[in-house]
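> Take a look at this one; I'll ask things after.
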Amino acid sequence: NAGVMQNPRHLVRRRGQEARLRCSPMKGHSHVYWYRQLPEEGLKFMVYLQKENIIDESGMPKERFSAEFPKEGPSILRIQQVVRGDSAAYFCASAEGQNTEAFFGQGTRLTVV
Amino acid sequence: AQSVTQLGSHVSVSEGALVLLRCNYSSSVPPYLFWYVQYPNQGLQLLLKYTTGATLVKGINGFEAEFKKSETSFHLTKPSAHMSDAAEYFCAVSETNNDMRFGAGTRLTVKP
Chain A
516 NAGVMQNPRH LVRRRGQEAR LRCSPMKGHS HVYWYRQLPE EGLKFMVYLQ KENIIDESGM
576 PKERFSAEFP KEGPSILRIQ QVVRGDSAAY FCASAEGQNT EAFFGQGTRL TVV
Chain B
641 AQSVTQLGSH VSVSEGALVL LRCNYSSSVP PYLFWYVQYP NQGLQLLLKY TTGATLVKGI
701 NGFEAEFKKS ETSFHLTKPS AHMSDAAEYF CAVSETNNDM RFGAGTRLTV KP
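Top to bottom, those sequences are chains A and B.
The letter at position 74 of the first sequence is residue 589 when you use the working numbering, and the numbering goes up by one with no holes.
The letter at position 21 of the second sequence is residue 661 when you use the working numbering, and the numbering goes up by one with no holes.
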């Protein structure tokens with residue numbers, strides 16, 4: 516059983532481009548969480564999704580950011596019109612259900628130039 | 641809503657000395673509490689967690705943490721620091737077992 520897979524591991528985008536970050540949860544896991552880690556800061560919760568549903572998006576910026584977790588395929592965190600301030604490490608975690616342990620991926624490091 | 645405060649963004653200890661990383665939490669329900677470690681350019685690795693039961697929790701690499709409800713604390717300790725312990729440590733709280741909210745992190749430096 517592979518762990519949580521995030522790709523790409525490193526992503527470079529120019530200002531104004533779109534960034535798509537993928538998270539494939541562990542097999543059997545239907546809960547996905549996205550976190551952002553800015554340089555010298557901790558992990559900030561962004562969004563919590565279950566298959567085809569957004570459960571809690573209280574940590575998502577109101578503009579340019581969106582997330583989905585379709586019935587089939589990975590969860591996608593999408594950042595439109597990226598700016599330099601979006602440069603960060605983005606981590607996802609997955610869990611089988613509520614009250615089960617979450618496991619983290621290795622993260623995607625986004626650099627906006 | 642739950643939240644975590646980690647006191648001290650940087651902690652420096654000598655090799656062999658006691659490690660103490662502080663974490664205080666806020667939660668409206670009995671919390672689940674976690675400590676994670678992050679090595680440079682790596683993901684997060686679970687050190688230990690408290691769910692229910694015994695308040696002293698032992699984790700990997702010789703770390704342990706004690707849940708003190710009266711103090712709303714979950715401090716992380718290790719009796720003797722090793723050079724390989726140098727990393728960033730994150731405390732997290734959750735009202736379930738997985739919807740976690742993290743503290744800002746504490747960077748541990750170990751001096752020879």
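All C-beta atoms, glycine included, are put in the ideal place defined by N, C-alpha and C.
Values in this document were obtained by computation on a predicted structure and should not be read as measured data.
#1: Pairs of beta-carbons, one from the segment 605-619 of chain A and one from the segment 709-726 of chain B, closer than 8 Å: are there three or more?
#2: Tell me which same chain residues have a C-beta within less than 7 Å of the C-beta of A:R579, skipping the five on either side of it?
#3: By the DSSP assignment, the beta strand (DSSP E) with B:N664 in it spans what residues?
#4: In this structure, how does DSSP classify A:E567 when only helix, strand and coil are distinguished?
#5: Any idea what DSSP makes of A:R551, helix, strand or coil?
#6: What does DSSP give as the partner residues of A:H525 in its beta bridges?
#7: Just to make sure I have the definition right: I need the residues of chain A whose C-beta is within less than 7 Å of the C-beta of B:L660. Which are they?
#8: Looking at the structure shown, is B:M723 part of a helix, part of a strand, or coil, going by DSSP?
#9: Let me know if A:G600 comes out buried or exposed under the rule of 16 or more other beta-carbons within 10 Å of its beta-carbon.
#10: Using a Cβ-Cβ cut-off of 9 Å, state whether B:Y679 counts as contacting chain A.
In terms of the structure at hand:
#1: They do not touch, by the three-pair rule.
#2: Closer than 7 Å at the Cβ level, and outside the excluded window around A:R579, lie I594, Q595 and Q596.
#3: V659 to S666 is the extent of the beta strand (DSSP E) around B:N664.
#4: Correct three-state label for A:E567: coil.
#5: Three-state DSSP puts A:R551 in a strand.
#6: Beta-bridge pairing links A:H525 to A:R624.
#7: Per Cβ cutoff of 7 Å: no residues; B:L660 is ~19 Å from chain A at best.
#8: In the displayed model, B:M723 falls within a helix according to three-state DSSP.
#9: Result: exposed.
#10: No, because no Cβ of chain A sits closer than 9 Å to the Cβ of B:Y679.
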